[in-house]
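Participant:
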């Protein structure tokens, strides 16, 4: 395809989280910080990667000079100039007067796409009864057990139930609208529907890891929704991997991920086969599963796998604890398990909205970071009620502020005799939660050099955030005629604010970011790019 | 004023929380339940009160028949008929095809209006340092200490700083837009600005309790922001009461509320005088203050008031613990304090978003309800980051699901030997959180017979909620042409959903309510009425 322009030039304010010192060797208690730069940044339309920036271009004059000097012309013709022989560029502007800025796209390291119709439905259930009551029934509707088959059988997306296609389409729409440029999806056991999710992500332009869910253990899977055997589970998984590798041979946008649901639903032969399968590729395939979400679940795994010293050890024994493994939740890891996870360089997806909603507990994220474990954020739809990573960031902050009140946290830090040192330090700041949402998530999916920030060479996965302008205006609220007929306050609705973020003009730029995290929503996401392609914009 | 019509007729689905058995005599562990009725309900335009309903009117034919039988005609002329001699009525419809329903207006039992510009700004602070760093500076900008004066001095709203007027106007706009029909406001120490808040609520039509903040204790108030003496504090409070009683002589919409900030900022003479002041009216004035939000604060009060057996006892000794007292937070009450609060029939405003954000802890709300204490919800802007009571309801559910993990809760229930009985019962359901947001809040402000539900004789304080229609449509998401240019998915943006609530058509009506609570926001509030007057509608 011939491109209309060579570069996209993004102009305005860029905000991101600073990189932390590498923590492979030494535990790093370093705190991430928000960084702001203003100027221009350009991206290759061909590769979607950042080719350069200039943080000295602060006004129209400097910008025009820069364009001329480089022989660049605006493909949309806003800048006059002879197009012949010139390099055409697409200009995207973040407007200062509307408090707009570019921010790295969010990375959702754990989301169950088929559960989206259940978002917000969980009653007062906890993990194990929630699976039975809410989750397995909705997932089973994405196909029949006959659609879990070997390569010769059904695997075309078109063979998935139409409703499944609509739900997956809506999930991708919603997550893009919330600024999620990359997601690691659990699908269902069904090959056609799982392949359909991959196809939809590819078409819509969302970076995605797509996992066909493996669950073959009859004792802990419902009769109506399970892989028929370990062999079937492996075979169907290979089918999906094959489909995705055909769909996107270079894995530019969509990649497969090996997905044993969690230890209780998988037989030992299945776990072993899946570990071998992941390792058989070069580089090895990504793996995702759940761990230590809920205390009853931890006790169950202890009973089911007496040969393993811990929940983490179960996965380790089957070669599923790798540097490319995403462990969702990790609320209740023992000290030994933390050491093992760190030693294997496995990654953790922190899902605070889900963990609060299902009453699972609070993962000690700051401890994990201090111990050198890589952590990102997950929405865990529909254990989590929201497809928004901004909501996950907010809940990460909130639950971390309650962590010091929990018995487990107090006990853990009393035992090692450093309670006083830890009090207060467990609280995640807005900057830390946004770090988890971007840089952290990128590291969880092993793409820390590609996404999550704005360095040269990185892929342009980004969102344009609009907070709105300052809304103070001249009409006195005491002049009754302005409002006495009720209805929307014109100053509120018709002037600056976007969504619920109110800027009064007294805030520092860091405080505006805090207001975004605490009061923002999808209304503030004006546009979203993945690999430099605009994949969502707000109407 | 001559009214254009005699009744408003609300037509469609009505959802509310059932009343609980009176709990004055026996502790009631009763669980509130959602109730749904469909038909029509009519409200006197004169009084704003509900005059009748008919739950058998389910279609146009029945409705037309009902109108004819009563000699009613549509003032907007949508129904044909001879207007001469007929009773004119205004018809308001909740549309089933858009999942619309009427719901009681929300009651915010604790909100600091002047702190709104700080919503979302608190860093990692906790109560006492947050007051110093964020709160006192912003509040002090609502006037000068010379605007705290006796009756002969400044008290006109127009003398308040213009910025204060705009902030108060925005707070009222925002809370109305979120469905808050009644709010109990803390203002600042300044008489003109406090009076301005009362005037704005009166003009905009929001039911409100307006409290001039009393804080005269030099040791715990900043030099730049405090009442100059107990006498000044009392005198200024009387000024505001007088202004509000003149503004709204019958207290139809706006009432004063005596507001000692909290024990540490008030001298003993001030506390005594304010208790006497409230009691000197018939009926006694309402009172609001803070209690036991944070453990350091509890320890501070213990030090400052050695003569009192507890924090609650401090207020009790000064006659501030009355059936018309709202105690904000109550996170860390002792068993003896709970008994005292119950004995005095004082009310509790639960502010979960604030308590999580400031790391204060989790109030054991279900325990309080079981013990017969009246509880409502508060946003506590800006300790709370959101002016939305729906967000408060959500946070009430979330934090209650973490309560069982806290050391204090476990210890409390271990001591009385009933740990096993309590586990899980502390979780608030969606119905319970909505009960707190409506019926509970109404009881907290002693208006349980007037607002919070749809019984005959009650005042029509209500909101029209719109969730949107089912969005499944016929175009297959796999047809790439529909979406390959990126941008908003047309099915998402242009069809049914309103805000973030996605209805797939498989939900029961109770599940739709759950989706509203977990995913809804101000976009779902289509219109708001206070006393039958429409005071907000969404554009």
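Chains as they are written, first to last, in the numbering used here: chain A, 1 to 539; chain B, 1001 to 1539. Beta carbons: idealized from backbone N, C-alpha and C, even for Gly. Quantities reported herein were computed from a predicted structural model and do not represent experimental measurements.
(1) How should residue 539/A be labelled, buried or exposed, when 16 other C-beta atoms within 10 angstroms of its C-beta is the threshold for buried?
(2) On the DSSP bridge assignment, give the partners of residue 962/B in chain order.
(3) With a cut-off of 9 Å, does the C-beta of residue 357/A fall near any C-beta of chain B?
(4) Taking 9 Å as the cut-off, decide whether the C-beta atoms of residue 134/A and residue 142/A are in contact.
(5) Report the neighbours of residue 119/A on chain B: residues whose CB is nearer than 8 Å to its CB, in chain order.
(6) List the residues of chain B that residue 408/A touches, going by C-beta distances under 8 Å, in chain order.
(7) Where residue 1055/B and residue 327/A are concerned, what is the direct C-alpha to C-alpha distance, given to the nearest angstrom?
(8) Taking CB distances under 9 Å as the criterion, tell me whether residue 1368/B reaches chain A.
(9) Taking only beta carbons into account, state which residues of the segment 1089-1100 of chain B come closer than 9 Å to chain A, listed in chain order.
(10) If the criterion is Cβ atoms closer than 9 Å, does the pair residue 259/A and residue 301/A meet it?
(11) Closer than 9 Å, CB to CB, is residue 1168/B near chain A or not?
(12) Going by DSSP in three states, residue 53/A sits in which element: helix, strand or coil?
(13) Could you give the residue range of the beta strand (DSSP E) that holds residue 376/A?
(14) Return the first residue and the last residue of the alpha helix (DSSP H) that residue 236/A is part of.
(15) Measuring alpha carbon to alpha carbon, tell me which of 1108/B, 1013/B, 1095/B ends up nearest residue 1441/B.
(16) Who are the Cβ neighbours of residue 1462/B in its own chain at under 8 Å, not counting the five residues just before and after it?
(17) Could you tell me the distance, in whole angstroms, from the CA atom of residue 97/A to the CA atom of residue 1390/B?
(18) Return the Cβ separation of residue 1464/B and residue 1094/B in integer angstroms, given the expectation that the two are a contact with Cβ distance under 8 Å.
(19) Please state if the CB of residue 1074/B and the CB of residue 1051/B are separated by a distance shorter than 9 Å.
(20) Measure the alpha-carbon distance for residue 1189/B versus residue 1299/B and round it to whole angstroms.
(21) Residue 377/A and residue 563/A - do their beta-carbons sit closer together than 9 Å?
(22) Can you say whether residue 168/A is buried or exposed, counting buried as having 16 or more other CB atoms within 10 angstroms of its CB?
(23) Return no unless some Cβ of chain B is closer than 9 Å to the Cβ of residue 361/A.
(24) Give me the residue from 1012/B, 1090/B, 1139/B, 1266/B with the minimum Cα distance to residue 1004/B.
(25) Give the residues of chain B in contact with residue 427/A, contact being defined as C-beta atoms less than 7 Å apart.
(26) Span of the beta strand (DSSP E) holding residue 459/A?
(27) Within 9 Å of any Cβ in chain A, is that where the Cβ of residue 1489/B sits?
(28) In terms of residues, what are the limits of the beta strand (DSSP E) holding residue 256/A?
(29) In whole angstroms, what separates the C-alpha of residue 1316/B from that of residue 1249/B?
(30) At a CB-CB cut-off below 7 Å, which residues of chain A make contact with residue 1196/B?
(31) What are the uninterrupted segments assigned as beta strand (DSSP E) that are 3 or more residues long and contained completely in the segment 64-146 of chain A, given in chain order?
(32) In angstroms with no decimal places, state the Cα-to-Cα distance between residue 227/A and residue 1521/B.
(33) For a cutoff of 9 Å on Cβ pairs, would you count residue 436/A as touching chain B?
(34) Leaving out the 5 sequence neighbours to the left and right, which residues in its chain are closer than 8 Å to residue 218/A when beta-carbon positions are compared?
(35) Residues of chain A with CB under 8 Å from residue 1506/B, in chain order?
(36) In chain D, which residues lie less than 9 Å from residue 1158/B when you measure between Cβ atoms?
Facilitator: Based on what the coordinates show:
(1) Translated into positions along the first chain, residue 539/A becomes position 539. Looking at its Cβ environment, which holds fewer than 16 other Cβ atoms inside 10 Å, residue 539/A is exposed.
(2) Residue 962/B lies beyond the range of chain B shown here (1001 to 1539); nothing can be said about it.
(3) As a working mapping, residue 357/A is identified with position 357 in the first chain. Yes, because at least one Cβ of chain B sits closer than 9 Å to the Cβ of residue 357/A.
(4) In the first chain, residue 134/A corresponds to position 134, counting from 1. In the first chain, residue 142/A corresponds to position 142, counting from 1. No, the pair does not count as a contact, with Cβ atoms beyond the cut-off.
(5) The residue you call residue 119/A lines up with position 119 of the first chain. The answer, in chain order, is 1502, 1515, 1518, 1519.
(6) The residue you call residue 408/A lines up with position 408 of the first chain. Those are 1405, listed as they occur along chain B.
(7) The count along the second chain starts at 1 and reaches residue 1055/B at position 55. The count along the first chain starts at 1 and reaches residue 327/A at position 327. For the pair residue 1055/B and residue 327/A, the Cα-to-Cα distance works out to about 52 Å.
(8) Start at 1 with the first residue of the second chain, and residue 1368/B comes out as number 368. Judged by the 9 Å Cβ criterion, residue 1368/B is not in contact with chain A.
(9) none
(10) Within the first chain, the letter at position 259 stands for residue 259/A. Within the first chain, the letter at position 301 stands for residue 301/A. No, Cβ-Cβ distance for residue 259/A and residue 301/A is not below 9 Å.
(11) The count along the second chain starts at 1 and reaches residue 1168/B at position 168. Chain A, which has a Cβ nearer than 9 Å to the Cβ of residue 1168/B, makes this yes.
(12) The residue you call residue 53/A lines up with position 53 of the first chain. Three-state result, residue 53/A: strand.
(13) Mapped onto the first chain, residue 376/A falls at position 376. Following the DSSP letters along the chain, one finds residue 376/A inside the beta strand (DSSP E) bounded by residues 375-377.
(14) One-based indexing of the first chain puts residue 236/A at position 236. Start and end: 230-247.
(15) Along the second chain, one-based indexing puts residue 1441/B at 441. Ranking 1108/B, 1013/B, 1095/B by Cα distance to residue 1441/B puts 1108/B first.
(16) Stepping through the second chain from its first residue, residue 1462/B is reached at position 462. Closer than 8 Å at Cβ, skipping near neighbours: 1010, 1102, 1103, 1104, 1105, 1181, 1454, 1528, 1529.
(17) In the first chain, the residue the question calls residue 97/A occupies position 97. In the second chain, the residue the question calls residue 1390/B occupies position 390. About 31 Å.
(18) What you label residue 1464/B is simply residue 464 of the second chain in a count that begins at 1. What you label residue 1094/B is simply residue 94 of the second chain in a count that begins at 1. Correct: roughly 6 Å between the Cβ atoms.
(19) Here residue 1051/B is taken as the residue at index 51 of the second chain, counted from 1. Here residue 1074/B is taken as the residue at index 74 of the second chain, counted from 1. No, Cβ-Cβ distance for residue 1051/B and residue 1074/B is not below 9 Å.
(20) Within the second chain, the letter at position 189 stands for residue 1189/B. Within the second chain, the letter at position 299 stands for residue 1299/B. Straight-line Cα distance between these residues: approximately 26 Å.
(21) In this structure chain A extends from 1 to 539, so residue 563/A is not present and cannot be described.
(22) Locating residue 168/A in the first chain gives position 168, counting from the first residue. Answer is buried; the Cβ neighbour count reaches 16.
(23) Walking along the first chain from the start, residue 361/A turns up at place 361. Yes, because at least one Cβ of chain B sits closer than 9 Å to the Cβ of residue 361/A.
(24) In the second chain, the residue the question calls residue 1004/B occupies position 4. Measuring from the Cα of residue 1004/B, the nearest candidate turns out to be 1090/B.
(25) For this step, residue 427/A is matched to residue 427 along the first chain. For residue 427/A, the chain B residues whose Cβ falls inside 7 Å of its Cβ are 1124, 1359, in order along the chain.
(26) In the first chain, counting from the first residue as 1, residue 459/A sits at position 459. Unbroken run through residue 459/A: none, as it is neither H nor E.
(27) Looking up residue 1489/B in the second chain gives position 489. With a pLDDT of only 45 at residue 1489/B, under the threshold of 50, the placement of this residue in the model should not be trusted; the figure read from the coordinates follows. Yes, contact with chain A.
(28) One-based indexing of the first chain puts residue 256/A at position 256. Here the beta strand (DSSP E) through residue 256/A covers 254-260.
(29) Residue 1316/B sits at position 316 when you count from the first residue of the second chain. Residue 1249/B sits at position 249 when you count from the first residue of the second chain. Straight-line Cα distance between these residues: approximately 30 Å.
(30) The residue you call residue 1196/B lines up with position 196 of the second chain. By Cβ distance, chain A contributes 478.
(31) 72-74, 87-93, 100-104, 106-112
(32) Working through the first chain from its first residue, we reach residue 227/A at position 227. Working through the second chain from its first residue, we reach residue 1521/B at position 521. When rounded, the distance between both Cα atoms is 40 Å.
(33) As a first step, residue 436/A is located in the first chain; it is residue number 436 there, counting from the start. For residue 436/A, the answer is no, since every Cβ of chain B falls outside 9 Å of its Cβ.
(34) Residue numbering aside, residue 218/A sits at position 218 when the first chain is read from its first letter. Excluding positions up to five away in sequence, the list reads 226.
(35) As a first step, residue 1506/B must be located in the second chain, where it is residue number 506. Those within 8 Å of residue 1506/B in chain A are 117.
(36) Structure shown: chain D not included; protein chains present are A and B.
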